[in-house]
Amino acid sequence: MDNSGNDLEKTRKEELKMINERYKAMLQGKNIIRVLSEYANERGREIGYENVFDFSLGNPSVPCTDDYTNAAIKLLSEGDPMAVHGYSPSLGIESVRKTVADSLNRRFDMDYEAKHIFMTSGAAGAIAHAARCVTKPGDEVLTFAPFFPEYTPYINDTGAVLKVVPANTRDFQINFEAFEEMLNENVAAVLINTPNNPSGIAYSTATIEKLADILYAKQGEFGHDIFLISDEPYREIVFKGADHPYVTKFYDNSLSCYSFSKSLSLPGERIGYVAANPRCRDAGIISAICGQISRGIGHNCPSSSVQLAVAEVIDQTSDLSVYETNMNLLYDALTRIGFEVVKPGGTFYIFPKALEEDAKAFCMKAKEYDLILVPADNFGCPGYFRMAYCIDTEKVKRAIPVLERFAKEVYGVGE
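Here the numbering used here is used: the sequence shown runs in plain steps of one and ends on residue 419.
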């Protein structure tokens with residue numbers, strides 16, 4: 005009897021087991037932001053996207069600068085094709101690294117050199133390198149709620165373990181009491197994001213000074229370095245009156261992770277960098293170490309043409325003023341309706357408390373009004389929701405009466 009068919013089927017089943025089960029399991033826990041954004045797009049095809057009040061995805065809504073576009077065009081049309089389209093050096097193009105260092109020195113009174121800069125594929129690539137540079141498997145990394153949910157795979161996939169300090173919901177500055185309770189000798193790094201996604205809060209000078217003081221003291225107590233990884237893609241989106249210091253100035257063992265995605269409205273170009281504080285441990289070789297890390301994770305050699313174009317407009321930003329306009333409109337409306345909300349100091353997010361304890365249920369009810377809001381359970385802050393107001397101001401204005409009607413009809417809140 006020929007059993008070749010059964011044997012082939014058995015072999016195929018065994019081959020299927022070669023797929024990494026961990027990543028298969030992750031398919032069941034998709035990013036809620038992306039899920040809601042996809043729903044908004046589907047709903048838009050049904051009723052017209054202009055009628056869907058989509059506050060889900062943090063995608064910049066203003067164009068990049070004309071100067072960036074012109075620089076890119078000039079490079080592509082007149083530049084040396086081998087330089088523009090060839091592989092970038094592993095650590096980034098030397099002239100671009102120097103340009104980044106010089107810009108940081110001018111703006112923040114630092115003393116970076118090109119050797120302290122490592123070019124990456126956006127802030128995600130920067131964090132991927134920074135975390136691996138200063139941790140080993142089994143180490144703990146602390147971050148503060150509310151936090152960007154992708155920090156969990158960013159850190160846990162290094163072999164380190166992300167632990168989340170509970171939120172200070174009074175003002176969304178750091179909950180120092182909880183932080184000091186969780187700060188133990190297994191902690192190798194602390195990951196912060198300011199201005200913060202999702203709260204929109206900028207950590208104040210007093211907050212950063214206190215954080216630095218604690219870390220210095222604990223380094224001495226534990227007898228090992230604790231690195232501060234500062235995730236800064238919203239560094240340029242800071243509103244009037246906000247106190248937002250350059251974090252690295254306050255703590256030597258700091259790695260700054262930056263992206264041009266928000267400042268220049270270039271999220272699709274995937275360009276950023278790690279900047280190692282010149283006074284941190286092994287500052288002179290951090291970039292070279294990141295180059296070795298790239299060999300294992302594939303985040304190497306970001307686009308040469310984009311690096312060169314960004315360097316031409318290094319101190320520019322897009323016109324970011326619309327975000328403050330939209331924030332003020334929403335903050336005024338939300339507080340008038342009766343929501344509890346801390347006024348953002350930057351970014352393009354606002355973070356109100358839901359009108360019921362279950363923010364997921366709240367956001368599901370909002371969908372019936374074509375309001376697409378993101379529950380904050382995955383941000384480590386149940387009971388809150390995020391609104392990404394990087395949309396046209398006209399649409400923000402049209403959303404406000406819908407928010408008012410939703411709050412009034414479902415919760416009896418508002419005028």
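Glycine included, each C-beta is placed from N, C-alpha and C at the ideal position. Model, not experiment: these values are computed from the prediction.
Between alanine 118 and glutamate 98 the beta-carbon gap is near 6 angstroms, inside 8 angstroms, which marks them as a contact. Note on geometry: alpha-carbon atoms of methionine 368 and methionine 86 lie some 52 angstroms from one another. In the structure shown, leucine 80 falls within a helical segment according to DSSP collapsed to helix, strand and coil.
Within the stretch 69-142, the beta strand (DSSP E) runs of at least 3 residues that lie entirely inside it are, in chain order, 121-124. By DSSP's assignment, tyrosine 27 forms no beta bridge with any residue. Annotation for valine 326: the continuous alpha helix (DSSP H) segment containing it runs 325-341. Inter-segment contact for the stretch 124-142 and the stretch 101-113 is absent: fewer than three beta-carbon pairs are separated by less than 8 angstroms. In the DSSP annotation of this structure, leucine 259 is not part of any alpha helix (DSSP H); the continuous beta strand (DSSP E) holding it starts and ends at 258-263. In the assembly as shown, alanine 403 is a buried residue. Its beta-carbon has 16 or more other beta-carbons within 10 Å.
Counted as a single uninterrupted DSSP element, the stretch harbouring arginine 174 is not any beta strand (DSSP E), since DSSP gives it neither H nor E. Segment contact: the stretch 179-192 against the stretch 139-154, three or more CB-CB distances shorter than 8 angstroms; contact assigned. DSSP places alanine 363 in the helix class (H, G or I) of the three-state scheme. For the pair serine 208 and serine 234, the CB atoms are not nearer than the 9 angstroms cut-off. Taking 9 angstroms as the cut-off, the Cβ atoms of isoleucine 354 and leucine 334 count as close.
Taken in chain order, the complete beta strand (DSSP E) segments of 3 or more residues contained in the stretch 239-313 are 258-263, 276-280. Counting only residues of its own chain and dropping the five nearest sequence neighbours on each side, isoleucine 395 has a CB closer than 6 angstroms to the CB of Ser65.
In the DSSP assignment, the residues bridged to tyrosine 353 are Ala392.
Annotation: isoleucine 293 to cysteine 305 spans about 14 angstroms, alpha carbon to alpha carbon.
For threonine 211, no pairing in a beta bridge is given by DSSP. It is roughly 10 angstroms from the alpha-carbon of aspartate 71 to the alpha-carbon of isoleucine 77.
In this chain, the beta strand (DSSP E) harbouring serine 234 covers 231-235. By the criterion of a C-beta distance shorter than 6 angstroms, tyrosine 250 is surrounded in its chain by Phe112, once the five residues flanking it on both sides are discounted.
For alanine 206, the three-state secondary structure derived from DSSP is coil.
Going by DSSP, valine 39 is part of the alpha helix (DSSP H) stretching over 36-51. Here valine 168 carries a strand assignment [DSSP, helix/strand/coil]. Counting only residues of its own chain and dropping the five nearest sequence neighbours on each side, phenylalanine 383 has a CB closer than 8 angstroms to the CB of Ala149, Pro150, Phe151, Phe152, Pro153, Pro202, Arg390. One Cα belongs to asparagine 332, the other to asparagine 200, and the distance between them is close to 17 angstroms.
In this structure alanine 370 is not in contact with isoleucine 121, their Cβ atoms being roughly 43 angstroms apart against a cut-off of 8 angstroms. Non-local C-beta neighbours of histidine 228 in its own chain, meaning closer than 6 angstroms and more than five positions away in sequence, are absent. The residue from Asn257, Pro271, Gln296 with its alpha-carbon nearest to that of arginine 285 is Asn257. A straight line joining the alpha-carbon of glutamate 240 with that of alanine 75 spans about 21 angstroms. Collapsing the DSSP output to three states places glutamate 225 in a helix.
Its Cα nearest to that of glycine 272, the residue Cys68 stands out among Cys68, Arg49, Glu50. Distance check between tyrosine 255 and each of Arg274, Met30, Leu232, Tyr277 places Leu232 closest, using alpha-carbon atoms only. Rounded to the nearest angstrom, the gap between the Cα atoms of valine 194 and isoleucine 51 is 45 angstroms. In summary, alanine 221 is exposed, with fewer than 16 beta-carbon neighbours lying within 10 Å of its beta-carbon over all protein chains present.
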